[in-house]
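Down below is the structure, laid out as structure tokens.
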Amino acid sequence: MRTEAPGRVLALDELTWTEIRDLDRGRLIALLPIGAVEAHGPHLPTSTDRVIALAMAREGARRLAGRGLLALVLPPIDYTAAPFAAGFPGTVSVRPETVTALVADVAAALAAQDVRTLALANAHFDPTHLGSLYAAVERIRKENGPRVAFPDVTRKPWALRLTDELKSGACHAGRYEGSIVLARRPELVRQERMASLPARPTSLAAAIRAGQTTFEEIGGHDAYFGDPAAATAEEGEATIAVLGAILEEAVVELLGFE
Ligand SMILES: [Zn+2]
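Numbering (the working numbering), first residue to last: 142 to 399.
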């Protein structure tokens, strides 16, 4: 469905209601960034996942606009379930059913405005949170909401496209996430502190499978895993490009064009 009309990247919270009313619904894709309010080591801000989710959504939007679509980036959802990091000051963890209800209600409100396609740009990997998103997608489907694209980058095939650290499962405030924050919000990174942190290659994925439920149980006493000192803005830019392409492909697959 390539169209003659030019695509555009739009931010819902920067438009007026009349401008939103007049958007061509046949070409409109809403993109919802989903982050967390969560401890990310002594070197990254609690907004780390929001920074990543926004970068993914904006890059996905840029690519979808290149296909003639109107890519509408929604204000992010930050408050979510983050039980693994709940013991650290600054983490605000809410019940997973709250997250499911919020995402489903946002989708229902958009559907009432004839928004027919929604893409989730999620950057928070706590298993309880991921479960709340799968439940939300299921509820949206049952309630005849918008079509939903939810490329879960912790799973195949998407995970295979991302960096070795992400694939290793030792991925929280390490090289993968640190690189993206360096690329988009370097002023928020405590770079000297980051450079001093030893690598901690403990796989969160393996720990989760083994039934562990908090960072402290796995030896993450300062709330990071992976190799923060190896982070670079260049790697962050490359990862953002891949995340945007993943979001674009998930939407293309959902819409069934090309
Ligand atoms: Zn994170």
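Idealized CB from N, CA, C, for every residue including glycine.
Can you have a look at residue i and say buried or exposed, based on whether 16 or more other CB atoms are within 10 angstroms of its CB?
i    : result
R350 : exposed
F398 : exposed
G352 : exposed
G176 : buried
E238 : exposed
G377 : buried
P287 : buried
D163 : exposed
R316 : buried
A260 : buried
A194 : buried
R166 : exposed
G360 : exposed
N263 : buried
H362 : exposed
What residues in its chain sit with their C-beta under 6 Å from that of residue i, if we drop five residues either side in the sequence?
i    : result
A314 : H181, G182, L185, Y365
P216 : D154
A336 : A370
D368 : G315, R316, A340
Identify, in the order they occur along the chain, each residue of the same chain with its Cβ nearer than 8 Å to the Cβ of residue i, setting aside the five sequence neighbours on each side.
i    : result
V235 : Y220, T221, A222
G404 : Residue 404 lies beyond the residue range present for the chain, which begins at 142 and ends at 399; the question has no answer from this structure.
Between residue i and ligand 1, is there a pair consisting of the residue's CB and a ligand heavy atom that are separated by less than 7 Å?
i    : result
H181 : yes
A348 : no
T189 : yes
H265 : yes
E333 : no
H313 : yes
A318 : The residue asked about is misnamed: residue 318 is Glu in this sequence, not Ala. E318: yes, Cβ under 7 Å from ligand 1.
With distances taken from CA atoms, which of the options is nearest residue i?
i    : options                : result
R149 : M197, I175, R208       : R208
V289 : A194, L301, V256, G310 : V256
V212 : L243, G176, T258       : Checking the sequence shown, residue 212 turns out to be Ala, not Val. Out of L243, G176, T258, T258 has the C-alpha closest to the C-alpha of A212.
E306 : P342, E284, V330       : P342
A245 : R203, L173, K308, T269 : L173
T187 : L261, E160, H265       : H265
I381 : L164, A324, A348       : A324
L395 : L301, F291, A336       : F291
T241 : L274, L345, T157, R166 : L274
E358 : F225, A248, Q254, L251 : F225
L345 : G360, P327, G310, E328 : G310
P147 : T373, A379, R168, T157 : R168
Using DSSP's beta-bridge definition, name the partner residues of residue i.
i    : result
V150 : A212
L259 : A171, V289
R341 : G367
Using a Cβ-based criterion (distance less than 7 Å to any ligand heavy atom), does residue i qualify as near ligand 3?
i    : result
E328 : This structure simply doesn't include ligand 3; it includes ligand 1 instead.
Looking only at its own chain, which residues have a Cβ that is under 7 Å from the Cβ of residue i, when we skip the five neighbours before and after it?
i    : result
A386 : R204
A300 : V294, L307, K308
A347 : G310
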